[in-house]
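Numbering (my numbering), first residue to last: 153 to 501. Shown next, in structure tokens, is the structure this report addresses.
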Amino acid sequence: KSSDSLCFFQGHMEGEVWGLATHPHLPICATVSDDKTLRIWDLSPSHCMLAVRKLKKGGRCCCFSPDGKALAVGLNDGSFLIVNADTLEDLVSFQHRKDVISEIRFSPGAGKYLAVASCDNFVDIYNVMSSKRVGICKGASSYITHMDWDIRGKLLQVNTGAKEQLFFEAPRGKKQTIPSLEVEKIGWASWTSVLGSCCEGIWPIIGEVTDVTASCLTSDSKVLATGDDFGFVKLFRYPAKFGKFKRYVAHSTHVTNVRWTYDDSLLVTVGGADTSLMLWTYEMEGHRDSRQCDSEESDLDSEEDGGYDSDVTRENEINYTIKALSTNIRPMFGIKPHLQQKEPTLDER
Numbered sequence: 153k154s155s156d157s158l159c160f161f162q163g164h165m166e167g168e169v170w171g172l173a174t175h176p177h178l179p180i181c182a183t184v185s186d187d188k189t190l191r192i193w194d195l196s197p198s199h200c201m202l203a204v205r206k207l208k209k210g211g212r213c214c215c216f217s218p219d220g221k222a223l224a225v226g227l228n229d230g231s232f233l234i235v236n237a238d239t240l241e242d243l244v245s246f247q248h249r250k251d252v253i254s255e256i257r258f259s260p261g262a263g264k265y266l267a268v269a270s271c272d273n274f275v276d277i278y279n280v281m282s283s284k285r286v287g288i289c290k291g292a293s294s295y296i297t298h299m300d301w302d303i304r305g306k307l308l309q310v311n312t313g314a315k316e317q318l319f320f321e322a323p324r325g326k327k328q329t330i331p332s333l334e335v336e337k338i339g340w341a342s343w344t345s346v347l348g349s350c351c352e353g354i355w356p357i358i359g360e361v362t363d364v365t366a367s368c369l370t371s372d373s374k375v376l377a378t379g380d381d382f383g384f385v386k387l388f389r390y391p392a393k394f395g396k397f398k399r400y401v402a403h404s405t406h407v408t409n410v411r412w413t414y415d416d417s418l419l420v421t422v423g424g425a426d427t428s429l430m431l432w433t434y435e436m437e438g439h440r441d442s443r444q445c446d447s448e449e450s451d452l453d454s455e456e457d458g459g460y461d462s463d464v465t466r467e468n469e470i471n472y473t474i475k476a477l478s479t480n481i482r483p484m485f486g487i488k489p490h491l492q493q494k495e496p497t498l499d500e501r
């Protein structure tokens, strides 16, 4: 007998997967999970896991530096660490919070600053070069859900669980008031926000604040991808001010995060309880291959549903409640027992 073993599957285990980051220059991505592991994945056709590292606590967010050489990871105990993206060895670690680190972002350009958001309603800004905290963003009334830098690295956009869209000057963290029309004119280094006038169409008319869990905009600012609590991945034309979209199904539970690769050729999504990482090929309109897809996609224009079968009105009419045994397993004949007439007993005769 040989002692060699053959690995068929590799991936995250217990808990949920929320942390996802794509490399700025290469077809690889990183994921971090409640199972206390950080994993690096090859997005080329090999689709294999390149590296794994055990963490002291589970994590919910991660982010590559602009040059791709460092990887920041936020953990569930309020700490975060920056590791070498190649070896996954520690470079530096901090802990100024006690609650879950919900989002983490390097500033664009040289990656001089690192914004670290937590579920205790604060965003800490660190100078990566000096390894010091240089600013604190205060004023959020709920936990931080999403965060983006502007292209200058001088402004932070923050979303909260109370459906607030807030802005802070970097690096000191002074709160700013910016009209919604001005927000659209600002050049953003990334867009993962789910709030604002330019993406109001991603929300159902009736729904919870947590229904849309993640979004990500292509580098050409034309297509906005979203993930939601119903397991759907959706594509919107940006700005997404209207309710038309294309919907795809693959995850068995809520989609926790979505990210485009550096060249927008692939969309990477992660599921929560299904702990899966899925890849979606993005093909420009007019260049799609005429082939059947495994997923239930809605990008086929038909006269019956007016081109898009995912209008907001129709979406709100869908009942997502699971109906067990809604149809008969086998045909039933005869009269139900409680409707049958009983024969009189001897005493009744």
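Cβ atoms here follow ideal geometry from the backbone N, Cα and C, with glycine treated the same way. Predicted, not measured: the structure shown is a model, and the values here were computed from it.
- Under DSSP, Ala267 forms a beta bridge with Arg257 and Ile277.
- Here the alpha carbons of Gly383 and Thr297 stand approximately 18 Å from one another.
- Between the alpha carbons of Phe388 and Thr421 lies a distance of about 16 Å.
- Beyond the five residues adjoining it in sequence on each side, Leu369 comes within less than 7 Å, by CB distance, of Trp343, Leu376 and Tyr390 in the same chain, given in chain order.
- Exclusion of the five residues before and after Lys206 leaves Lys188 and Thr189 as the residues of its chain whose Cβ lies within less than 7 Å of its Cβ.
- In the three-state DSSP reduction, Ser231 falls in the strand class (E or B).
- For Arg324, same chain residues with a beta-carbon under 6 Å away, outside a window of 5 residues either side, are Gly287 in chain order.
- Only buried fits Leu195, as 16 or more other CB atoms lie within 10 angstroms of its CB.
- When C-beta atoms of the region 213–222 are compared with those of the region 165–183, three or more pairs fall below 8 Å, so the two segments count as touching.
- Residue environment for Asp156: exposed (fewer than 16 other C-beta atoms within 10 angstroms of its C-beta).
- DSSP places Val286 within a strand segment (E or B) once states are collapsed to three.
- When rounded, the separation of the alpha-carbon atoms in Leu240 and Asp415 is 24 Å.
- CA-to-CA, the gap between Gly167 and Trp301 works out to about 30 Å.
- Going by C-alpha positions, Val225 is about 12 Å away from Ser270.
- Around the beta-carbon of Leu333, fewer than 16 other beta-carbon atoms lie within 10 Å, marking it exposed.
- Beta-bridge partners of Glu321 (DSSP): Leu307 and Lys326.
- The beta-bridge partner set that DSSP reports for Gly423 consists of Val407.
- Minimum Cα-Cα distance from Gly348 among the listed residues Ile330, Gly359, Leu172 and Arg285 corresponds to Ile330.
- Counting only residues of its own chain and dropping the five nearest sequence neighbours on each side, Leu243 has a CB closer than 7 Å to the CB of Ala222, Ile234, Val235 and Asn236.
- The C-beta of Thr433 has fewer than 16 other C-beta atoms within 10 Å across all chains shown, which makes the residue exposed.
- Judged by DSSP in its simplified three-state form, Gly291 adopts coil rather than helix or strand.
- Linking Arg249 to Asn311 through their CA atoms gives a straight-line distance of about 19 Å.
- The beta carbons of Ala402 and Met436 sit about 21 Å from each other, so the pair does not count as a contact at 8 Å.
- Per DSSP, the continuous beta strand (DSSP E) segment holding Lys398 begins and ends at Lys398 to Val401.
- The beta carbon of Lys374 sits closer than 8 Å to those of Arg389 and Tyr390, all from its chain and outside the five residues before and after it, given in chain order.
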